[in-house]
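Engineer: First the structure, then my questions, so here it is.
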Amino acid sequence: MLKYITLLIVVYFFYWLLKQKIRERKMEIKGEVVSKQPIRPITLMSFIMVAVYGGYMLYYLLTSQAS
């Protein structure tokens, strides 16, 4: 289940990134100033992935029974 959620997050991230690039190009063509983002998208994605996997690890450790 986690792999499908991860795949969905990755696909949505690339869709968002492509949409942002197209929007920025349209703004540049119109002559508007495009402000740069303070945080890079790949950095944001890495934070999200660490949070997802860290949450899963904590869930696994707290719900697994000691043998």
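Each residue of the sequence shown is one higher than the one before, counting from 0 in numbering that gives the first Met the number 0. A virtual CB, placed ideally from N, CA and C, is assigned to each residue, including glycine.
Using the C-alpha atoms, what's the distance from VAL49 back to VAL32?
Structural biologist: Counting from 1 along the sequence shown, the entry for residue 32 is found at position 33. Counting from 1 along the sequence shown, the entry for residue 49 is found at position 50. One C-alpha to the other measures close to 33 Å.
Engineer: How many Å lie between MET26 and LYS35 at the Cα?
Structural biologist: Counting from 1 along the sequence shown, the entry for residue 26 is found at position 27. Counting from 1 along the sequence shown, the entry for residue 35 is found at position 36. Their backbone Cα atoms lie some 13 Å apart in a straight line.
Engineer: Between LEU6 and GLY30, what straight-line distance do the alpha-carbon atoms span, to the nearest angstrom?
Structural biologist: On the sequence shown, position 7 is the one that residue 6 refers to. On the sequence shown, position 31 is the one that residue 30 refers to. Straight-line Cα distance between these residues: approximately 36 Å.
Engineer: From which residue to which residue does the alpha helix (DSSP H) around GLU23 run?
Structural biologist: Here residue 23 refers to the residue found at position 24 when the sequence shown is read from its first residue. Element bounds for GLU23: 1-29.
Engineer: Helix, strand or coil for VAL49? Go by DSSP, reduced to three states.
Structural biologist: One-based indexing of the sequence shown puts residue 49 at position 50. Correct three-state label for VAL49: helix.
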